[in-house]
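Colleague: Below is the structure I would like to discuss, written out as structure tokens.
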């Protein structure tokens, strides 16, 4: 076949040189030796109108360095000020009738004006319907006719090696298309987002692709392009997308409630590794090892116990605790999930109905990435009222910063805190380092997290 193509190309080139402009518009054949040449063009012509360009503008609060001379001369300046900003990103039309567009939260965060540009050049100012910062999803709405939506695929059926096509606006270059394969599934523990269950692809993704579409060869949406991994901030063949099923679960909640009502299992755990499996005499090779079950949580009511290994969720295998955490968190309160539990050498399936996430208990990674691996609960221990560290995973970020099970967090940057909500609110407003004031038994300890 390669020889036939080479001969044909040479013949066309010779004819063009001999006959000049007569053959200047000659086209390469769509078939060779009776076989059609492969092309993605028909699929892309159908799908690319469903991908939009997003322009945002607004003002961000920026903290300034305090100059001691200002105080010396009695002229103190404000520690923060607002500076204008603008940015570009991508979005995907998921409902043409309602004008719904999905993008990343980080694309539109702090924006005061959001303008959507369609492939045909039409521009519309978008309304923000709702966001989920932890999973980096935002839902926009525009009032427009003749929109093209992209049909959603079942991302749980993806396999490593499936072909993938990324569509977006990298560096402002509208409707750029790149292709590759699915490199990995269920990527987590990257500390990019609060909840992670990424599709990894080698289809080129660059700045401006955020919020764009990752589709299969049928033109169905399998993911929302979100992040890249590279020292220079450019493509090195490792890109990440939020699975379409995860996105749909979150968007459905935003549409129904105006916010995400995240479900909770009410347990703490860690990823099962070879060392833990050997020490505990566990036969399975991967899964989420349950270290603690909260008394009033959904897991306890369903009969899950400490020492169990969660190996599947709704029939799909679970490789890590982070993957379990990410998948569960996208399902809403009240949803019933089927979990595969390995216990005493046997595996069985049980139904678990998720409860709402309590303001009393929180996974610390939601509050600060440096606290990943810790479970926090508003309460009291040894007469100290604050935020109790109820569990800390081995070799986690929380372990590295020095947090220990049984610690009671009393202060954040010298501000008194008594609940998870207070702690989260204070840390959200801190732009620099965070210092935790901790009571550890009778000792007072200060931990710096960055």
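Residue numbers (the numbering used here): 430 to 879.
Backbone N, C-alpha and C fix where the C-beta goes; we use that ideal spot for every residue, glycine too.
Please read all numbers here as calculations on a predicted model, not as lab measurements.
1. Identify whether residue 452 lies in helix, strand or coil by the three-state DSSP scheme.
2. So, with DSSP's three-state summary, where would you put residue 551?
3. Taking residue 801 as part of the alpha helix (DSSP H), name the residues at either end of that continuous run.
4. Taking the alpha-carbon positions, what's the residue 670 to residue 833 distance?
5. When burial is assigned at 16 or more other CB atoms within 10 Å of the CB, is residue 720 buried or exposed?
6. Please report how far the alpha carbon of residue 711 lies from the alpha carbon of residue 529, in whole angstroms.
7. Between which residues of its own chain and residue 732 is the CB-CB distance below 8 Å, once the five residues before and five after are set aside?
8. To the nearest angstrom, how far is it from the Cα of residue 796 to the Cα of residue 563?
9. Checking the sheet assignment: what are the DSSP bridge partners for residue 575?
10. Within the chosen definition, does the stretch 732-750 reach the stretch 765-779 through at least 3 CB pairs nearer than 8 Å?
11. Check residue 585 in the structure and name its three-state DSSP category.
12. Can you tell me whether residue 812 is buried or exposed? The criterion is at least 16 other CB atoms within 10 Å of its CB, across all chains shown.
13. Compute the Euclidean distance between the alpha carbons of residue 595 and residue 871, then round it to the nearest angstrom.
14. Going by the CB atoms, is the gap between residue 542 and residue 514 shorter than 8 Å?
15. If you follow the alpha helix (DSSP H) that residue 684 is in, where does it begin and where does it stop?
16. Under DSSP, the alpha helix (DSSP H) around residue 793 begins and ends at which residues?
17. Grouping DSSP H, G and I as helix and E and B as strand, with all else coil, what is residue 878?
18. Under 8 Å between the Cβ atoms of residue 667 and residue 658?
Modeller: So, from the listed chains and residues:
1. Your numbering for residue 452 matches position 23 in the chain shown. Summary for residue 452: the model assigns pLDDT 41, below 50, so the residue's position carries little reliability, and this model does not support an answer.
2. Within the chain shown, residue 551 is the residue found at index 122, counting from 1. Here residue 551 sits in coil by DSSP.
3. Within the chain shown, the letter at position 372 stands for residue 801. Segment: none, residue 801 is in no alpha helix (DSSP H) and carries neither H nor E.
4. One-based indexing of the chain shown puts residue 670 at position 241. One-based indexing of the chain shown puts residue 833 at position 404. Straight-line spacing of the CA atoms in residue 670 and residue 833 works out to 34 Å.
5. As a working mapping, residue 720 is identified with position 291 in the chain shown. The residue in question, residue 720, is buried, as its Cβ has 16 or more Cβ neighbours within 10 Å.
6. Your numbering for residue 711 matches position 282 in the chain shown. Your numbering for residue 529 matches position 100 in the chain shown. The straight-line gap from Cα to Cα measures roughly 47 Å.
7. As a first step, residue 732 must be located in the chain shown, where it is residue number 303. Cβ neighbours of residue 732 beyond the five flanking positions: 779.
8. Position 367 of the chain shown holds residue 796. Position 134 of the chain shown holds residue 563. So the two alpha carbons sit approximately 10 Å from each other.
9. The residue labelled residue 575 in the question sits at position 146 within the chain shown. Partner(s): none; residue 575 has no beta bridge.
10. Three or more beta-carbon pairs drawn from the stretch 732-750 and the stretch 765-779 are found closer than 8 Å, and the two stretches are therefore classed as touching.
11. Within the chain shown, numbered from 1, the residue matching residue 585 stands at position 156. Of the three classes helix, strand and coil, the one that applies to residue 585 here is helix, per DSSP.
12. In the chain shown, residue 812 corresponds to position 383, counting from 1. So residue 812 ends up on the exposed side.
13. In the chain shown, the residue the question calls residue 595 occupies position 166. In the chain shown, the residue the question calls residue 871 occupies position 442. Here the alpha carbons of residue 871 and residue 595 stand approximately 56 Å from one another.
14. Position 85 of the chain shown, counting from 1, holds the residue named residue 514. Position 113 of the chain shown, counting from 1, holds the residue named residue 542. Not a contact, by the Cβ cut-off of 8 Å.
15. In the chain shown, counting from the first residue as 1, residue 684 sits at position 255. From DSSP, the alpha helix (DSSP H) with residue 684 extends over 673-686.
16. Here the question's residue 793 lines up with position 364 in the chain shown. Looking at the DSSP string, residue 793 is not in any alpha helix (DSSP H), and its letter there is neither H nor E.
17. Taking the chain shown and counting its residues from 1, the one referred to as residue 878 is at position 449. Strand.
18. As a first step, residue 667 must be located in the chain shown, where it is residue number 238. As a first step, residue 658 must be located in the chain shown, where it is residue number 229. The criterion of a C-beta distance shorter than 8 Å is satisfied by residue 667 and residue 658.
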